[in-house]
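Accompanying notes for the structure given below.
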Amino acid sequence: MGRVMWLTLARVLAKEAQYRARRRYGRRAYRLARSMLLSSLLSIFMFTAISLGLSSAVAAVPAEARVEASIWVLGVLGVFEMFIGGFTMASTLQVLLADRLLDFITPLPVRESDVRKALLALVVIWGGVAMLFLVVPGAALAGYLAGSIGVFAGGVAEAAFCLLMAAGLGYLAGSVSPKATRRPLIRAASTLVWLLVFFSGFMFNFVSRLAERLELEPLGPLLQLTPPFCIVAAGASGGYAALSSACWMLASLLVFKAGARRFWRAVAAGEALLAAEAKVSGWRLWRGLLPASLRKDLTLLSRTPRVLASTIGYMAFPALYIMMSLTEAGAASRFMAAILFFFGGLTGLSAQYLYSLEGEGAKLLYHLPVRRGGLAFRKACTTMLLLAPLSLMVLAAIGYFSGAAAGLLAFLSYMLSSSSSALLTSYLAAKEMPDEPTAWTPQTISAATRVVVMIGMLVLYGGLAAALAAIGFFISWLAASATAALAGLLLLAIGVKAIKGLSTPL
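Just remember that the numbering used here sits 7 ahead of the position in the sequence shown, which is counted from 1.
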């Protein structure tokens, strides 16, 4: 019986999570509970399609270069696995601590080893296993195309140890985050850990493109020594890559062990259960320049490292890609207006994350004279306020690389597209909020709705960006910039009109 106790605990924890979700979120939680298995199966299907799709590119490479191409493709998939897996596991572990799901287990005569195994099994069940399908199917296809069993074996080993590294990072991020609302220093450290998880996949792409720009020729041998690429390289050819792989595997084990210990200390010490000491601020005549609603959102955002990191990630990714495009093409490129318009449209998607900041306090909003349109406008304004520093960075980059004031038109198109996207996203999110008083969390807006909104924004801003690229190619980049500014202004007006029409109360 003791050998299966941890499986029983994992099932009990899952049922407890579903029960508490029903009490907190009402009828919406039944759909959430029923869709857990379906969500895992959907993730496996989606990751398999991505893995096979990227690995099929090996077929377009000459036979003598397919092994090297397989190393590159499978390494990129391994980075994606660490990126997505670390985020998923950290989110799950944070829910376990924040919702105090382990309270009813601690008084029971249950061995510590069984509780640890149950926590690991629960994390794996909630999406950890699906991460393996980002690499393993692609490794099978790449190994077949390259005619090398070593490529397949290396890919499987890479998938396992990347998942181990992702779990370690997830343990670290998930254990720090729940108690991060008490001290500014801990909040900052927790946000940095989350950003490390978010940006781990982007940094290699940035370094690779920078190396290509600097014309660093010996990137191939260096790549085979770089984790996690070295694992597939060791399986295919051995050599020094095997030594690098051994170091990476050891590092994965150490990170996982350190993360698991840190998470268990957080559970055993009850760090997540310590209530923050309330501090009543004195009455002040001067309350600052920002409206109270914006100050409230910014304060809540600073106290929620995971949401803060998600918001920064959504805003920073487009800005970083814009910087990279500027360094390659220059601000006066014929396609720069299209690039700025498209990535500006993607930046506004971060507005949807601000609704989950309300948490349990959202129940109070239902008893106040709050309109959905007014709430949507305030969340969009908060997003625009957060966008201001990144917008200034983009403006400085345009001015540096173009050396002409005409680049301000391209910057204006970026500002208008990001602002209009924030308004439209906030409008759709406000309509999705439940009618009955409930707590607002990241799960309040269903995953299907998020996907539909993202696809809609991609189609809208991507289609307009394609038209702007055509104008820039056949006419001039100045005409494309002016057209982009007009299109952004039109979308901004549509967003304002839509929000004004949303006059229904919560």
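Note that CB positions come from ideal geometry on N, CA and C, so glycine has one too.
DSSP on residue i, reduced to helix/strand/coil?
i           : result
residue 269 : helix
residue 502 : helix
residue 118 : coil
residue 368 : coil
residue 378 : strand
residue 144 : helix
residue 396 : helix
By how many angstroms is the C-alpha of residue j removed from the C-alpha of residue i?
i           : j           : result
residue 4   : residue 142 : Given a span of 8 to 513 for the chain in the structure shown, any question on residue 4 remains unanswerable.
residue 442 : residue 355 : 25 Å
residue 342 : residue 475 : 8 Å
residue 159 : residue 123 : 32 Å
residue 257 : residue 120 : 23 Å
residue 318 : residue 358 : 8 Å
residue 108 : residue 18  : 12 Å
residue 418 : residue 383 : 25 Å
residue 115 : residue 248 : 48 Å
residue 448 : residue 386 : 15 Å
residue 424 : residue 163 : 43 Å
residue 223 : residue 232 : Reliability of the predicted coordinates at residue 223 is poor, the pLDDT of 41 falling under 50, and the value obtained from them is presented with this limitation in mind. One C-alpha to the other measures close to 15 Å.
residue 507 : residue 500 : 11 Å
residue 466 : residue 91  : 24 Å
residue 241 : residue 169 : 15 Å
residue 66  : residue 58  : 14 Å
residue 376 : residue 437 : 15 Å
residue 310 : residue 388 : 19 Å
residue 509 : residue 367 : 23 Å
residue 55  : residue 235 : 19 Å
For residue i, count the other beta carbons within 10 Å of its own beta carbon; 16 or more makes it buried, fewer makes it exposed. Which is it?
i           : result
residue 53  : exposed
residue 238 : buried
residue 259 : buried
residue 348 : buried
residue 470 : exposed
residue 494 : buried
residue 516 : What the structure shows of the chain is the stretch from 8 to 513, and residue 516 is not part of that stretch, so it cannot be assessed.
residue 263 : buried
residue 94  : buried
residue 463 : exposed
residue 511 : exposed
residue 433 : buried
residue 298 : exposed
residue 480 : exposed
residue 444 : exposed
residue 395 : exposed
residue 483 : exposed
Sorry if obvious, but does the Cβ on residue i come closer than 7 Å to a heavy atom of the ligand SAH?
i           : result
residue 425 : This structure simply doesn't include the ligand SAH, nor any ligand for that matter.
Can at least three beta-carbon pairs, one atom from the region 59–74 and one from the region 149–160, be found at a separation below 8 Å? yes
Report the residue ranges of all alpha helix (DSSP H) runs contained in full by the region 423–452; include only those spanning at least 4 residues, in chain order. none
At which residue ranges does the region 467–504 contain complete beta strand (DSSP E) runs of 3 or more residues, listed in the order of the chain? none
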